[in-house]
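Remember, our numbering sits 7 above the position in the sequence shown when you count from 1.
What follows is a short report on a single structure.
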Amino acid sequence: MSGIFWFLAMSTDLNSGPAILYAMSSQEISVNMPPDLDPVYSNMIQIAFKEDEFTFLFLHQIPGTNQARAKAIVTISPRHAKSLLAVLGKSMQEYEEKFGQIDPPKDQKGGPVTTLRGYS
């Protein structure tokens, strides 16, 4: 798999403070896709964080039950988490410009879960 990827650069301008700059990489990046790498569908994410990392537990909640199956765990640095947030925001904006506004779910109860066993 190869293609053009979004990347973020953090910049600090002494006059205006920190800024996040978006750009498309002009360099083509070749991504090695192992043949046994399976796609993952997730309809629920639990997020935990410590001083030096964010951990995302991707889950698939089984419809009609109160059970979920863990599908993947991804851990990234706080700087990468901030970049991910910015890229998701920009991607969502572009998606909504192309396909229409997405309203947040109205039936979420209790808010997001932000801790995982073993994290504080």
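Here a beta-carbon is modelled for each residue, glycine too, at the ideal position from N, C-alpha and C.
Which whole-angstrom value is the C-beta distance of residue i and residue j, which I expect to be below 8 Å?
i	j	result
lysine 78	serine 98	Not really, about 21 Å apart at Cβ, beyond 8 Å.
Looking at the strands, I want to know which residues DSSP matches up with residue i.
i	result
threonine 82	Thr62
glutamine 68	Ala75
serine 49	Bridge partners of serine 49: none, in fact.
alanine 55	Thr62
In whole angstroms, what is the alpha-carbon distance linking residue i and residue j?
i	j	result
glutamine 68	glutamine 74	6 Å
arginine 76	isoleucine 83	21 Å
valine 94	glycine 71	33 Å
aspartate 45	phenylalanine 106	28 Å
glutamine 34	aspartate 114	43 Å
Are any of the Cβ atoms in chain B nearer than 8 Å to that of residue i?
i	result
serine 98	The chain inventory of the structure shown lacks chain B, comprising one protein chain alone.
Once you ignore the five residues that flank residue i on each side, which residues in its own chain have a CB closer than 8 Å to its CB?
i	result
glutamate 60	Thr82, Ile83, Ser84 and Pro85
Tell me which residues share the same chain as residue i and place their Cβ nearer than 6 Å to its Cβ, disregarding the 5 neighbours each side in the sequence.
i	result
glutamine 62	Reading off the sequence shown, one finds threonine at residue 62, where the question assumed glutamine. Once the five neighbours on either side are set aside, the close Cβ partners of threonine 62 are Ala55 and Thr82.
Here's the rule I'm using: 16 or more other beta-carbon atoms within 10 Å means buried, otherwise exposed. How should residue i be labelled?
i	result
leucine 64	buried
Closer than 7 Å by C-beta to residue i: which residues in its own chain qualify, once you throw out the five before and the five after it? Chain order, please.
i	result
glutamate 103	Ile109
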